[in-house]
Each structure stands twice: as structure tokens, then as C-alpha cells.
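Each remark here refers to the structure printed beneath this line.
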Amino acid sequence: MPRLRVGAIGIGGMGGGHLRAALDNRGVKVCAVCDVNQDALDGITRRGVAKYTDWQELIENETLDLAMVCL
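Its first residue numbered 0, the sequence shown is counted upward by one per residue in numbering that gives the first Met the number 0.
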């Protein structure tokens, strides 16, 4: 069964909790994350996860099934 391709917009605080849950879910592939906080982005070390500071670039450049928005 194909995994759900997910992008996370806002990965601090509550968004970070949602991101961790998505990363731990076998049915989900986190493809990209976005945050204006570079420190939050630097904390993402999983291979294959694209990092953005502009949510519009994430949406334009990634093929997603779902975008989690936690702002």
C-alpha cells in the first residue's frame, strides 16, 4: 500500500508534535517541512525531507497528498 505523502508547515510547538507523530507512522512519508525558524529546520535530520522557509515554495515544489498546517 502506498504511503501518504505529507508536508508539514509550522514545525515548532504543537506542529512539532504532529510532525513527530507523522514521522513515526509507517503509513506516512514526510516529504517536506516548512518553518520561518531556521533552528527548527536544522533540527530535522531525517534523510529525504526537503526544508523550506516559504510555505508557497513547498506547495509549488512538492507532490503531496496532505499538508499539515500548524501555525
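Don't be surprised by glycine CBs; every beta carbon is placed ideally from N, CA and C.
Exercise. Alpha carbon to alpha carbon, what distance is there between N36 and V48?
Worked result: Roughly 16 Å between the two C-alpha positions.
Problem set entry | Unbroken alpha helix (DSSP H) run spanning G6, endpoints | Going by DSSP, G6 is part of no alpha helix (DSSP H) but of the beta strand (DSSP E) stretching over 3-8.
Exercise. Taking C-beta to C-beta, are L3 and L65 nearer than 8 Å?
Worked result: Cβ distance < 8 Å, so L3 and L65 count as in contact.
For this session: Label V29 either buried or exposed according to how many other C-beta atoms from any shown protein chain fall within 10 Å of its C-beta, with 16 as the threshold for buried.
Result: A residue is called buried once 16 or more other Cβ atoms fall within 10 Å of its Cβ, and V29 is buried on that count.
Exercise. Can the beta-carbon of L63 be found less than 8 Å from the beta-carbon of V5?
Worked result: Yes.
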